[in-house]
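Below is one structure, written out as structure tokens, with a few remarks after it.
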Amino acid sequence: MDRAAAEKRIRELTDLINEHNYYYYVLDSPRITDLEFDNLMKELMELEQAFPDLIPPDSPTRRVGGMPAAGFAAVAHLAPMLSLSNAFNDQDLRDFDRRVRGGLPGQPVEYVVELKIDGLAVSLLYENGVMVRGATRGDGEMGEDITRNLKTVNSIPLRLRRPVPLLEVRGEAFMPKKEFLRLNEEREEAGEPTLANPRNAAAGSLRQLDPRITASRALDAFLYGIGRIEGMTVASHMEGLDILKELGLKVNPHIKLLPSIDEVIDYCREWTEKRHDLPYEIDGMVVKVNSLAQQAALGATSKSPRWAIAYKFPAEEAETVVRDIFVRVGRTGVLTPTASLKPVKVAGSTVSSATLHNEDIIRDKDIRIGDHVIIHKAGDVIPEIVRVLPEKRTGAERIFSMPEQCPVCETRVERVEGEVAVRCPNDRCPGREREGLIHFVSRDAMDIEGLGPSVVTALIEAGLVNDAADLYYLKFEDLVKLERMGKKSSENLLNAIEKSKSNSLAQLIFALGIRLVGERAGKILADHFGSMERLKAASVEELTAIPEIGPKMADSIVAYFRDPVNLRLLDRLEAAGVNMVQERAEEGRRPLQGKQFVLTGALSKYTRKEAQELIEKLGGKVSSGVSKNTDYVLAGEDPGSKYDKARALGVPIITEEEFEQMIR
Ligand code: IVH
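Residue 109 in our numbering sits at position 120 of the sequence shown, with consecutive numbering throughout.
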């Protein structure tokens, strides 16, 4: 391709990818498949590699990459980033309303109520529609330049959908709960200390000197305010938010315009109840006067505006006693100490245990058996001990130390140099295997309904199940014999197991519990390899060539597929009919489900590899030789002996056109 054509195509691809990025990350409604998206990215990367001087500043390939920085430069905000004063109850909100009305005599007042996202305040600067800078809040006047890190956040557009001359916009970058759990699991696994909460995790991720680390964490951002805008006039906060949406920025969907403080209070109460249903954490609500003229009239103190207030949710903490500390072995062998607590009511449920993560945390917080402690519970997250109340000690408290042996199989535990975690090294430890099975069937993995930890344990104890493949060979007669398993629940369970056979390849890869391979990696691997067969054969080099797959994970994957026990498990899963290929058909369409194809001759529209990928994507299989199990032979120009064999066996032979009819 010549230079001019390349330049044009780079521009086209950049716009197209940014557009689809917007549909995917901002609107949450993708318009193309991941495969199509990846192909556009691939094409762009290749062109940029050939013409590096033509890379535009808003190229989506620039989201990731670059070398670690030595430090962050200081940035002066165009207008100070203020913080908010707090309200803790209805009365505080009514007092705020009275002050606002007092400052605006005789005027009607409307309030905008928003969720208070628990993350890190950031400011983004766009010049002529292109993102040129991203910064932390810092002290409100000066922040830190974290442009490269913020560019890795997919929901932050690199180019606005309209080129306003200048926009400085503020918002909150945050880590979704699920990503936080994933990250902590990964850290625990790697023997690194876990992070206390999603806010710390988001802040830590954005203050990484190496933007590749930031990129590896699925951060997100909601924008909630305009610092400065040129080329447009805005009369109200709500109008400002609408403009942000039009420009392609992500605005939280739960924002409400309300005409009175009573309704504001009701809305705050509503979210106090519902807040844990959100996929991200909020620590309160923010109430803002809608009219910008009224905001200006009310003004600000040196710290915070008089036209806004933060309503903070009540804390979800309670005091209790640590009765004992016991150790659980996880599926990867990591031993996790857990506190057994005197049951206590907190945030609407009774709590009787709390995770202690690892020995270091117990030592840092100086938690002893018998201590009075304050626990914190956030929604359905496992409760944690916030701090000890040393003034309540009697002297009878006991210091805990990690056992030298696995509590289940009694193998001597290992402590890896430089890691916090202590592990049971026995891959066949029954405790680890049980946890592995619980993971296999869990919601984000194979999602087998009705198969919770207690049923898994019952199946193991009855000798019916030793590994994941055994699940697929269970019989009705076996199940009904189990305690607490009636006819109906046995049937339901068998149906759920059956249904899980057609789960995606990504789910299966994640379910296997390969060390360091989380849900996201499962998806990346499924997308890249398209089948278990190819993943099995992948080398460390092939794996590390994939962005986001590091050398440690690559080693762990290769080691997994070298273990004959694992290979036998996979064979038995496959024999049972568990899906082993990427079902990435658009909208999950699988018109070729279960069909076996053989390719012969030269196809005109696809290479062999493309044809194979397409067939697998649509649910079919490709094998090399014709047999009586072959459903179709897809024949191109100059077909070989397979054509003759198909005729001899009476296997249908189809042309490319007929194939296309079939998959339409
Ligand atoms: S408005 C002058 N809106 O809360 C107005 N802040 O204590 C400044 N925050 O530093 C902020 N969600 O980090 C606003 N919807 C929201 C918010 C929000 C979270 C954070 C922000 C700010 C802190 C104020």
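Cβ coordinates follow ideal geometry from the N, Cα and C atoms, glycine included. Given the structure is predicted, the values throughout are model-derived calculations rather than measurements.
Query                                                                                                               : Result
Of the listed residues Gln197, Pro165, Arg417, nearest to arginine 188 (C-alpha basis)                              : Pro165
Within 8 Å, strictly: CB atoms of isoleucine 358 and phenylalanine 389                                              : yes
Where glycine 95 falls: helix, strand or coil (DSSP)                                                                : coil
Near ligand 1: glutamate 228 beta-carbon under 7 Å from a heavy atom                                                : no
Endpoints, the alpha helix (DSSP H) within which glutamate 161 is located                                           : Segment 155 to 163 is the beta strand (DSSP E) holding glutamate 161; no alpha helix (DSSP H) there.
Cross-strand partners of proline 326 (DSSP beta bridge)                                                             : Val316
Inter-stretch contact at 8 Å, needing at least 3 Cβ pairs: the region 512 to 525 / the region 468 to 478            : no
Nearest-angstrom beta carbon gap, alanine 59 and isoleucine 298 [assumed within contact, 8 Å]                       : Wrong, their Cβ atoms sit about 40 Å apart, outside the cutoff.
Rounded Cβ spacing between cysteine 413 and valine 402 (contact assumed at less than 8 Å)                           : 6 Å
Whole-angstrom distance between arginine 88 and valine 98, CA atom to CA atom                                       : 12 Å
Through-space distance from asparagine 618 to glutamate 37, alpha-carbon basis                                      : 46 Å
Alanine 542 burial status per 10 Å Cβ neighbour count (16 or more: buried)                                          : Note on identity: in this sequence residue 542 is methionine, with alanine being the wrong assignment. Looking at its Cβ environment, which holds 16 or more other Cβ atoms inside 10 Å, methionine 542 is buried.
Straight-line gap, leucine 440 to serine 520 (C-alpha atoms, nearest Å)                                             : 26 Å
Three-way DSSP call (helix, strand, coil) for alanine 204 in this model                                             : helix
Exposure label - arginine 52; buried when at least 16 CB within 10 Å                                                : buried
Residue from Pro332, Glu424, Val311 whose Cα sits closest to the Cα of glutamate 386                                : Val311
With 16 other Cβ atoms within 10 Å as the buried cut-off, status of arginine 107                                    : A small correction: the amino acid at residue 107 is aspartate; arginine does not occupy that position in the sequence shown. So aspartate 107 counts as buried.
Glutamate 686, buried or exposed, once every other Cβ within 10 Å from all chains shown has been counted against 16 : Lying outside -10 to 653, the shown extent of the chain, residue 686 is not represented and no answer is given.
CA-to-CA distance, glutamate 424 to isoleucine 449, given in whole angstroms                                        : 11 Å
Cutoff 8 Å; reference arginine 659; Cβ partners in own chain excluding five residues on either side                 : Nothing in the structure corresponds to residue 659, since the chain is present only between -10 and 653.
Ligand 1 heavy atom lying under 7 Å from the CB of isoleucine 145                                                   : no
C-alpha distance - glutamate 681 paired with alanine 210, whole-angstrom precision                                  : The requested residue 681 is not part of the displayed model; the chain covers only -10 to 653.
Cutoff 8 Å; reference aspartate 47; Cβ partners in own chain excluding five residues on either side                 : Thr3, Asn7, Val119, Met120, Leu147, Arg148
Extent of the continuous alpha helix (DSSP H) run through leucine 172                                               : 166 to 178
C-alpha gap between arginine 122 and glutamine 283, whole angstroms                                                 : 30 Å
Pair within 8 Å by beta-carbon distance, proline 19 and tyrosine 11                                                 : no
Residue ranges of each alpha helix (DSSP H) within the region 476 to 553, 4 or longer                               : 476 to 489, 494 to 500, 508 to 518, 521 to 525, 529 to 533, 540 to 551
Cβ neighbour criterion (16 or more within 10 Å) applied to leucine 379                                              : It should be noted that the sequence gives proline, not leucine, for residue 379. By the neighbour-count rule (16 or more Cβ atoms within 10 Å), proline 379 is not buried but exposed.
8 Å Cβ cutoff met for proline 200 and threonine 125                                                                 : no
With 16 other Cβ atoms within 10 Å as the buried cut-off, status of isoleucine 371                                  : exposed
Beta-ladder partner(s) of leucine 246, from DSSP                                                                    : Val101
Contact between the region 231 to 243 and the region 153 to 161 (3+ Cβ pairs under 8 Å)                             : yes
Runs of beta strand (DSSP E) wholly within the region 363 to 420 (minimum 3 residues, chain order)                  : 373 to 377
Among Gly132, Leu82, Pro580, Val554, the one whose alpha carbon lies nearest that of leucine 607                    : Pro580
Proximity below 8 Å, CB of valine 615 to CB of leucine 638                                                          : yes
Serine 293 beta carbon less than 8 Å from that of serine 72                                                         : yes
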